[in-house]
Amino acid sequence: MNTFGVALLVVWSLLICAYGIAVLERLTALGLRHFRAAVLLPLAETVALLRQENLVPRGADRLLFHSAPLVALTSIALAALVIPLGPALRGFDPSIGLFYFIVVLGPFVIAMMNAGWSQNSPEGLSGTFRAAACLISYEVPLGFAVIGPVMAAESLSTARIVEAQTGLWYVVWQPLGFLIYAIAALFMTYRRPFDLPQAGSELAGGVLAEYTGARLLLFHIALNALFFLLTAMGVVLFFGGWQGPGLPGPIWFLVKTVALATVLLWGGRFLPRVRHDQMLSLAWKILLPASLVNVALVGILILVFPGEKS
Amino acid sequence: MNGPGLVPYLITSALLFGIGVVGVLSQRNAVMVLMSVEIILNAAILNLIAFWRFVRPDNFDAQVFAIVAVTIGAVEMAAGLGLMLLVFRQRGSTNVDQLQELKL
Amino acid sequence: MSGLIEWILFLALSVLAVGMAASMLVTMSMYRAGLALMSSFVALAGLFILLNADLLAAIQVMMNVGGMLVMVLFMVMLMMDPGGEMMWDMKRKMHMPGPGALSMTMPRGAPPSGKERQHHQMMVDMAMSTAQLPWALALGAASALVLIVLVVRTPWPFSSVQPTQDATGAVGTLLLSRYMLGFEGAAFLILAGIAGAVIFARRERAPTSRPAAATAASGTKIFTCPMHEEVRQSGPGQCPLCGMDLTPATEASVHHGEGGGSA
Amino acid sequence: MLALPLQSDEVPPEPRVEEKALPLPGKQEREIATELMVMSLGPVQPLTAGPLRLLFVCDGEQIVAVQTEAGYAARGVARAMTHATWRESAALASALDPLAPIAGRLAYVSALEQLQHWDPDPSTLHQREALLAFERVENHVSWLVRFAEFLADDRLSITARHFPVRLAEVGAVLWGQSAVEWIVPQSGVLSPLPHTQKRMLEHLAAELVALRGRLEGNRALALRTAGIGLLAADRLRAVGASGPVLHASERRQGDVLSRLLMRLEEAADDLRYAARAAVMPSVAEQGIAPWSAPPGETAVTVAGPRGDIGVSLASDGENMCRVTWRRPSAALLGLIPELLTGQKLADAETIVASLDLAMAEADG
């Protein structure tokens, strides 16, 4: 299969996914009654952002300012390649697929930091501090949470992890790991209630304070697409991926991902916004020990019921 | 035509090592010195992997060694940065030419 | 054919790795220096992939880009780089010639007197490298040269075997069998590193950092407001007019000329 | 929009900027010994009702100094009243705080009645108090809606949002569209409240009590609001603050959470009071010449939603020659710098919002 075609396909599907997440977010905020508004608002915002002037703040580090949204999108597009949409439907399947996924998302975080730092404003810098603090805290629990499925499937390959869940989804006997993964996913994409690096009128948008127009749009797309990817990876790791009775694999995968994204977005709205130092203590004092307990539990379960891993 | 052999990789590694030495010896900010040390470390790891590939590709000991080296590099960086933070809080600067208290 | 492509990739990646490492020393902003280091690491990871060490490439990117570099950038932002293009702006305003940090070298000789002194002091403050830069350059070049000569002249025992085994599995098996001790040792080292970093970075609340006025506050002193001289009371508290903390009367009158200088 | 009877040479005062140097901490006392950041917020920001500019000087995430610039909403109400007739001044008084028109107007009308030596009968007093209480509740619940937005807590936001709507329904039954017009010197106020509406008010009060009970046990909410923005009761009394902010410091801990709970508690009490008082029959007797006053001086204070709104009037027989307002938000405004200093930047929003400042009233 030619590489160009795959790249084009990935970019298009990411755009559609980002749009889907934007619609979902508005649906959870406005309720099902405003379905039309939820479908149309993201499109209207896109048009509005495209018509907006592309401002570069005075004294900005232009190279980083211009490159940040592109780097973010590129790293997300690369990460999207390893997600198995169906039995034979994926970009490529390296033996260290899951590891690759986490590795490739590293530059995304660097891009967010560059975005905040390059704009030469206290708001952006302060937002960057919050984003970086947030990053340091979620990465370790996220790493430990995905170890559970890897231990059970005895493989880092995403396809193998899905196949290993034919009998039983991992969420059934690794609920703690899934919970940690879900919280870390909300952390990583700055979703509520962890949206402090971006929200709050005191920072006027935080990391993205000075971004306008098309670049801001790119960041919105990147963040939404990243959220979709993380929920999709959550489905792969804990909900059996594309497996399901009757319907073809990709449809099952999509249904599961949308359902999981809805639950995450909707659930996050019912907690007050968490302050950054509370995010840190949540990550280090609760999530990290909990993820270690999860690893130990999974290990014990695998030893006690050797048949489960099939 | 064969691909690049062992020697080109080793030359790259030697160049990286030289740059690292320049950085360690000349940089004024302690964080920059730490970053230069990382370059030296990476030059060494590149050496290890090149030797593994071209001399003993059937023996994976070199990769294990490289992984441990990367780990040690990260630990060194974390401890070093913690130290720098402490120094910065106490002195308000991490410039090595201003931290001369241990000098005779 | 594949050999040619391999050569092209190798040259591009090694030029990138070496060039980025060099530009780390040349750029003026420490934040950008950190990013240059990251690019060098990523190019190195590319070289690892060329050498069939995919696992190590992934580890390289994750450890260095995902973990370490974030620490570096965080540190840099925390310490001095205020964000944006400030250093370039300064350079432009001061009309300094030369590329990047090479123009901001440590001035030599004793500080001049008179009008030049301020400029000299500013150069000292802004310099990215110490006065030993020429020595360092010479030493670096010499060591690289010696290494290259040694590398070229040594007859290396080549092996034409292609690595076939899955490196991930082999390395994992080795780590948990023959090198178990080293593996655990590295884990222990990380633990020690975490503990050390936490102890280093912990903020010490030394008693000396408190303002002397607060520790010296006893009931007998007369306190006054820095803003309102007419406010006088016999203990610490807040000014009824503006709400500022009261300061001891004697110190306040001493420091009055400096305008709100803390004791 | 109110046409202010300003003369052409009467210009509202410029926004006042405090000219004093900010007391900044020395390098030793700071958390991160690096450069300070200055962040500006406003003048138009969602934290206060009306424009207020806030300048934060931050050491990392910690605020080390705050400067406020008020006066963007200054209209010179007191000054304008001395140039207006007694009847026009009633409209001006209700515009002092557009969010609490009844309190301002009632303070003015009561002062006028005192000048006229006209004593309202108890039922009129009760009905006016009921109106005031109702307005306090309306202000408290609409503050709650805004505050829930800052916390980004949708459950609280959804619960809070239906209170203003239902209160407005009751209000429309009681007074038609404009309750303010009911307050006229020497006159009773309102028709008795239908019993169904009374029950609705009592029901809303019970809901508010239940909401308060739930919020008191809500740990997620306490994480964000408890222990920040502490205000001592003595300090509040010293600057002349009153209302729920003072009560929160007197009866509870005085942090943001206690202010939230205090508002809910007072709103429930006020609703019950309004339900009781509003069913009394009105005595509609109109005196002679309500819009004039003999020479004299008087001062009246009524309990507004943000504290006591007071007016002191001096009449020379024809017009007012001196008018001074007591503005509760202005007292709290001066506390913002000391309140925010030492707090985290992320908390500043919640703390300022918890004071419920009405800038139009604070600027006068």
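Chains as they are written, first to last, in this note's numbering: chain A, -14 to 295; chain B, 128 to 231; chain C, 24 to 286; chain D, 507 to 870.
Backbone N, C-alpha and C fix where the C-beta goes; we use that ideal spot for every residue, glycine too.
- Item | Exposure label - R634 (chain D); buried when at least 16 CB within 10 Å | Taking the fourth sequence and counting its residues from 1, one reaches residue 634 (chain D) at position 128. Classification for R634 (chain D): buried.
- Return the chain-ordered list of same chain residues with a C-beta closer than 7 Å to the C-beta of L553 (chain D), the five sequence neighbours on each side being excluded. One-based indexing of the fourth sequence puts residue 553 (chain D) at position 47. Cβ neighbours of L553 (chain D) within its own chain (closer than 7 Å, five residues either side excluded): E855, V858, A859.
- Query: What is the DSSP secondary structure of F255 (chain A), reduced to helix, strand or coil?
  - Reply: As a position in the first sequence, residue 255 (chain A) is number 270, starting the count at 1. In the displayed model, F255 (chain A) falls within coil according to three-state DSSP, outside both helix and strand.
- Look up V160 (chain B) in the DSSP assignment and say whether it is helix, strand or coil. Translated into positions along the second sequence, residue 160 (chain B) becomes position 33. When DSSP states are grouped into helix, strand and coil, V160 (chain B) belongs to the helix group.
- Interface partners of R123 (chain B) on chain C, CB under 9 Å: Shown here, chain B extends from 128 to 231; a query on residue 123 (chain B) therefore has no answer.
- Query: List, in order along the chain, the chain A residues whose C-beta lies closer than 9 Å to that of L92 (chain C)?
  - Reply: Here residue 92 (chain C) corresponds to residue number 69 of the third sequence, with the count starting at 1. Simply G91, I95.
- Going by alpha carbons, who is nearest to A571 (chain D) out of D:P811, D:D869, D:G870, D:L845? By one-based count along the fourth sequence, residue 571 (chain D) stands at place 65. Among D:P811, D:D869, D:G870, D:L845, the Cα nearest to that of A571 (chain D) is on D:L845.
- Query: Tell me which same chain residues have a C-beta within less than 7 Å of the C-beta of A754 (chain D), skipping the five on either side of it?
  - Reply: Position 248 of the fourth sequence, counted from the first residue, corresponds to residue 754 (chain D). So the list reads G760, S764, R765, M768, once near-sequence residues are dropped.
- Query: Among residues of its own chain, excluding the 5 on either side of T574 (chain D), which ones have a beta-carbon nearer than 8 Å to its beta-carbon?
  - Reply: Within the fourth sequence, the letter at position 68 stands for residue 574 (chain D). Cβ neighbours of T574 (chain D) beyond the five flanking positions: E524, L558, R559, L560, L561, L839, I842, P843.
- Give the single residue among A:P92, A:A137, A:A53 whose Cα lies nearest to the Cα of G64 (chain A). Here residue 64 (chain A) refers to the residue found at position 79 when the first sequence is read from its first residue. The displayed chain sequence assigns Ala, not Gly, to residue 64 (chain A). Closest by alpha carbon: A:P92.
- Query: At what residues does the beta strand (DSSP E) containing V570 (chain D) begin and finish?
  - Reply: Locating residue 570 (chain D) in the fourth sequence gives position 64, where the first residue counts as 1. Taken as a continuous stretch (DSSP letters only), the beta strand (DSSP E) holding V570 (chain D) covers 568 to 576.
- Message: Quick check on L204 (chain C) - is its C-beta less than 8 Å from some C-beta in chain B?
- Response: Start at 1 with the first residue of the third sequence, and residue 204 (chain C) comes out as number 181. It does not: the Cβ of L204 (chain C) has no partner Cβ on chain B nearer than 8 Å.
- Query: Run through DSSP, which three-state label would R155 (chain B) get?
  - Reply: As a working mapping, residue 155 (chain B) is identified with position 28 in the second sequence. Coil at R155 (chain B), not helix or strand.
- Message: 8 Å is my cut-off, CB to CB: does N279 (chain A) come that close to chain D?
- Response: Along the first sequence, read from residue 1 onward, the residue named residue 279 (chain A) stands at position 294. Put simply, the CB of N279 (chain A) is far from chain D, with every gap to its CB atoms at 8 Å or more.
- Item | G802 (chain D), enclosing alpha helix (DSSP H) - first and last residue | To locate residue 802 (chain D), count along the fourth sequence from 1; it is residue 296. For G802 (chain D), no alpha helix (DSSP H) encloses it; the enclosing beta strand (DSSP E) starts and ends at 802 to 810.
- Task: Measure the CB-CB distance between T13 (chain A) and G82 (chain A) and report whether it falls below 8 Å.
- Result: Start at 1 with the first residue of the first sequence, and residue 13 (chain A) comes out as number 28. Start at 1 with the first residue of the first sequence, and residue 82 (chain A) comes out as number 97. Their beta carbons are not under 8 Å apart, which means T13 (chain A) does not touch G82 (chain A) by this criterion.
- Using 8 Å as the limit for Cβ to Cβ distance, is F84 (chain A) near chain C? For the purposes of this step, residue 84 (chain A) is taken as the residue at position 99 of the first sequence. Yes - at least one Cβ of chain C is within 8 Å of the one on F84 (chain A).
- Note down the Cα distance separating D239 (chain A) from F77 (chain A), rounded to an integer number of angstroms. Taking the first residue of the first sequence as 1, we reach residue 239 (chain A) at position 254. Taking the first residue of the first sequence as 1, we reach residue 77 (chain A) at position 92. The sequence given here places Leu at residue 239 (chain A); Asp does not occur at that position. Cα to Cα, the separation comes out at about 19 Å.
- Task: Sort C:A215, C:W158, C:F64 by Cα distance to I82 (chain C) and report the nearest one.
- Result: Looking up residue 82 (chain C) in the third sequence gives position 59. Closest by alpha carbon: C:F64.
- Message: In whole angstroms, give me the CA-to-CA distance for G749 (chain D) and G810 (chain D).
- Response: Residue numbering aside, residue 749 (chain D) sits at position 243 when the fourth sequence is read from its first letter. Residue numbering aside, residue 810 (chain D) sits at position 304 when the fourth sequence is read from its first letter. Whole-angstrom Cα-Cα distance: 8 Å.
- Message: Check whether chain B comes within 8 Å of L39 (chain C), counting only Cβ atoms and requiring the distance to be less than that.
- Response: Here residue 39 (chain C) refers to the residue found at position 16 when the third sequence is read from its first residue. Not an interface residue.
- Query: Would DSSP call N222 (chain B) helix, strand or coil?
  - Reply: As a first step, residue 222 (chain B) is located in the second sequence; it is residue number 95 there, counting from the start. Strand.
- Message: To the nearest angstrom, how far is the alpha carbon of V32 (chain A) from that of P69 (chain A)?
- Response: The sequence position of residue 32 (chain A) within the first sequence is 47, counting from 1. The sequence position of residue 69 (chain A) within the first sequence is 84, counting from 1. Taking the straight line joining both Cα atoms gives about 32 Å.
- Within the stretch 52 to 95 of chain C, note down every full alpha helix (DSSP H) run reaching 4 residues or more, in order along the chain. Entirely contained in the stretch 52 to 95 of chain C, the alpha helix (DSSP H) runs reaching 4 residues are, in chain order, 53 to 73, 77 to 83.
- Cβ shell of K850 (chain D) (< 7 Å), same chain only, five flanking positions each side left out: In the fourth sequence, counting from the first residue as 1, residue 850 (chain D) sits at position 344. Within the same chain, K850 (chain D) has close Cβ partners E567, Q568.
- In angstroms with no decimal places, state the Cα-to-Cα distance between S663 (chain D) and P670 (chain D). Taking the first residue of the fourth sequence as 1, we reach residue 663 (chain D) at position 157. Taking the first residue of the fourth sequence as 1, we reach residue 670 (chain D) at position 164. One C-alpha to the other measures close to 12 Å.
- Assign H709 (chain D) to one of two classes, buried (16 or more other C-beta atoms within 10 Å of its C-beta) or exposed (fewer than that). Here residue 709 (chain D) refers to the residue found at position 203 of the fourth sequence. Exposed.
- Query: How about M98 (chain A): is its C-beta nearer than 8 Å to some C-beta of chain C?
  - Reply: Start at 1 with the first residue of the first sequence, and residue 98 (chain A) comes out as number 113. True, the Cβ-Cβ gap to chain C drops below 8 Å.
- Task: Mark V151 (chain B) as exposed unless 16 or more other C-beta atoms lie within 10 angstroms of its C-beta, in which case mark it buried.
- Result: Residue numbering aside, residue 151 (chain B) sits at position 24 when the second sequence is read from its first letter. V151 (chain B) should be labelled buried.
- Quick one: grab the DSSP three-state call for I815 (chain D). For the purposes of this step, residue 815 (chain D) is taken as the residue at position 309 of the fourth sequence. It is a strand residue.
- Proximal residues of chain A, C-beta to C-beta of L73 (chain C) below 9 Å: Counting from one through the third sequence, the residue named residue 73 (chain C) turns up at place 50. By Cβ distance, chain A contributes nothing, its closest Cβ being about 16 Å from L73 (chain C), past 9 Å.
- May I ask which residues mark the beginning and end of the alpha helix (DSSP H) holding R757 (chain D)? Your numbering for residue 757 (chain D) matches position 251 in the fourth sequence. Counting along the chain, the alpha helix (DSSP H) containing R757 (chain D) begins and ends at 750 to 757.
- Task: Classify M287 (chain B) as helix, strand or coil using the three-state DSSP reduction.
- Result: Given a span of 128 to 231 for chain B in the structure shown, any question on residue 287 (chain B) remains unanswerable.
- Item | The alpha helix (DSSP H) enclosing D565 (chain D), as first and last residue numbers | As a first step, residue 565 (chain D) must be located in the fourth sequence, where it is residue number 59. Counting along the chain, D565 (chain D) falls outside any alpha helix (DSSP H), though it belongs to the beta strand (DSSP E) covering 559 to 565.
- Short Cβ contact (8 Å threshold) for N39 (chain A) with T197 (chain A): Position 54 of the first sequence, counted from the start, is the residue given in the question as residue 39 (chain A). Position 212 of the first sequence, counted from the start, is the residue given in the question as residue 197 (chain A). Yes, the pair counts as a contact, with Cβ atoms nearer than the cut-off.
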